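Here it is as structure tokens:
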């Protein structure tokens, strides 16, 4: 029986393949909760009166880039790596534009490379990830290298064991 919600096995991915996540709107609550839990209580994130007259590069309720990135990683974990993602090995990020409360983002993912590990049964996958806002602008681009499970080849699915 196929498990609903299982992520991709590394050997199901093809170099050049692209896919897109669902959309996610960044809210005031997201920003406030994130800066509170991380301690990123910089004026740019906490004081709406801090504007260009005070030296601010951006005005309004700006989201930390780390928040935007982690929201997208959450969407990817839920949809492409559930039970198949083993480790995030490397990330290279470029922050291109600010994201503010009310912006809606999604991610366009392109598979850049895949290879089997020497141990077998798992592979290394590198993707190029473009986080895009509601206007079609790329706000963050990052390359991610991950270790992922391979297809067991026996028709079995990796899923949590259910008792009873």
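Numbering (this note's numbering), first residue to last: 13 to 176.
Even glycine gets a Cβ: it sits at the ideal position worked out from N, Cα and C.
Values in this document were obtained by computation on a predicted structure and should not be read as measured data.
Coarse secondary structure for residue i, derived from DSSP in three states
i	result
residue 156	strand
residue 163	coil
residue 91	helix
residue 79	helix
residue 29	coil
residue 72	coil
residue 53	coil
Classification of residue i by the beta-carbon crowding that lies within 10 angstroms, buried from 16 upward
i	result
residue 19	buried
residue 41	exposed
residue 114	exposed
residue 141	buried
residue 139	buried
residue 80	buried
residue 53	exposed
Rounded straight-line distance, which links the Cα of residue j to that of residue i
i	j	result
residue 59	residue 119	29 Å
residue 202	residue 155	Residue 202 lies beyond the residue range present for the chain, which begins at 13 and ends at 176; the question has no answer from this structure.
residue 134	residue 164	10 Å
residue 28	residue 62	43 Å
residue 48	residue 78	13 Å
residue 35	residue 128	31 Å
residue 30	residue 121	5 Å
residue 56	residue 46	14 Å
Rounded distance between the beta-carbons of residue j and residue i, thought under 8 Å
i	j	result
residue 117	residue 84	7 Å
residue 107	residue 75	Actually they do not touch by this definition, with Cβ atoms about 11 Å apart.
residue 158	residue 99	7 Å
residue 105	residue 136	Not really, about 19 Å apart at Cβ, beyond 8 Å.
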